[in-house]
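Student: Each residue of the sequence shown is one higher than the one before, counting from 14 in the working numbering. The C-beta atom is built at its ideal place from N, Cα and C for all residues, glycine as well. These numbers come from a predicted model, not from an experiment.
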Amino acid sequence: MITNIYIITAISVIGGMLFGFDLSSMSAIMGTNRYKCYFNQGPHGFPFDDSPDCSGPKSLIQGGITASMPGGSFIGALVSGLLTDMFGRKLSIQIGSVIWIIGSVISCAAQSFPMLIVGRFINGVCVGICSAQVPVYVAELAPAHMRGLVVGTQQWAITWGILIMFYISYGCSFLTGTAAFRTPWALQMIPAIFLFGGIFWMPESPRWLAKKDRWDE
């Protein structure tokens, strides 16, 4: 069992990094030619074409794709309290990780606008859960004098996620075909897998255990 608060925080705030990954994975990709041509709605270029002048999705559709993630985050934030009260902080974060993996698979395999919107919405549910529960989890495990530091690390992880995914997306932009945008959406599953596995080795929140009258633990 991992008891070092620095290690616990480093693993837990991967939940914040996922938020940054999702922000950057769309903003870095939506302007690329391969994305615009694959999801093209005109007036220039044709769908699934590689023309240099593809118009990409219409503004309303692109707005829906972009807004689907915060929409999912809203739902995730609403249910996160219920989840954590029922199952604990650890399992709630792991549920969020599984939801993220499912959303990333759907986004990576997207063949249409609705499929991409659904995938990003599911990703957003994870963001809502982890954004609400990771700071609570690390704060309840940290000594009082360290709580500000460990909670602030969540925001730091978000910015690192934005940076890392930007460079991944930039590197993948040189790939041919749909791999240019599918690869970054697939790679963002890796941190969630690591978060899911790492949580197994960390203690449950003592506050939650006390609330459930599990004082011996």
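Please say whether Pro156 and Ile27 have beta carbons closer to each other than 8 Å?
Tutor: no
Student: So, under 8 Å CB-CB, Ile112 and Ile135 are touching, yes? Tell me the CB distance rounded to an integer number of Å.
Tutor: 6 Å
Student: Whole angstroms are fine: how far does the CA of Ser38 sit from the CA of Ser25?
Tutor: One C-alpha to the other measures close to 21 Å.
Student: Determine contact between the segment 90-109 and the segment 208-218, defined as no fewer than three beta-carbon pairs at a distance below 8 Å.
Tutor: Counting Cβ pairs under 8 Å, three or more are found: they touch.
Student: Which two residues bound the contiguous alpha helix (DSSP H) that contains Cys143?
Tutor: From DSSP, the alpha helix (DSSP H) with Cys143 extends over Phe126 to Leu154.
Student: Between the C-alpha atoms of Asp226 and Thr191, what's the straight-line distance to the nearest angstrom?
Tutor: 52 Å
Student: With a threshold of 8 Å, are at least 3 pairs of Cβ atoms found where one atom belongs to the segment 126-134 and the other to the segment 157-164?
Tutor: no
Student: Among the candidates Gly211, Ala145, Ser182 and Gly141, whose CA atom is the shortest distance from the CA of Ala199?
Tutor: Ser182
Student: Please state the DSSP three-state secondary structure of Pro70.
Tutor: coil
Student: If I measure Cβ to Cβ from Tyr150 and keep anything under 7 Å in the same chain, skipping five residues before and after, which residues do I get?
Tutor: Ser25, Arg102, Ile106 and Ser218
Student: Whose C-alpha, out of Cys185, Thr196, Met178 and Gly174, is nearest the C-alpha of Met30?
Tutor: Gly174
Student: Looking at the structure shown, is Lys224 part of a helix, part of a strand, or coil, going by DSSP?
Tutor: helix
Student: Quick one: grab the DSSP three-state call for Ala23.
Tutor: helix
Student: Check Phe187 in the structure and name its three-state DSSP category.
Tutor: Reduced to three states, the DSSP call for Phe187 is coil.
Student: Tell me which residues share the same chain as Gly137 and place their Cβ nearer than 7 Å to its Cβ, disregarding the 5 neighbours each side in the sequence.
Tutor: In its chain, beyond the 5 residues on either side, Ser81, Met82, Pro83, Gly84, Gly85, Ser86 and Gly89 have a beta carbon closer than 7 Å to the beta carbon of Gly137.
Student: Can you tell me whether Asp229 is helix, strand or coil according to DSSP?
Tutor: coil
Student: Smallest Cα separation from Leu222: which of Gly33, Leu104, Pro148 and Ile119?
Tutor: Leu104
Student: Please state whether the Cβ-Cβ distance between Gln201 and Ser144 is less than 8 Å.
Tutor: Not in contact: Gln201 and Ser144 (Cβ atoms no closer than 8 Å).
Student: Indicate the three-state DSSP secondary structure (helix, strand or coil) for Phe34 in the structure shown.
Tutor: helix
Student: With a cut-off of 8 Å on the beta carbons, I'd call Phe194 and Tyr48 a contact; round off their distance for me.
Tutor: 5 Å
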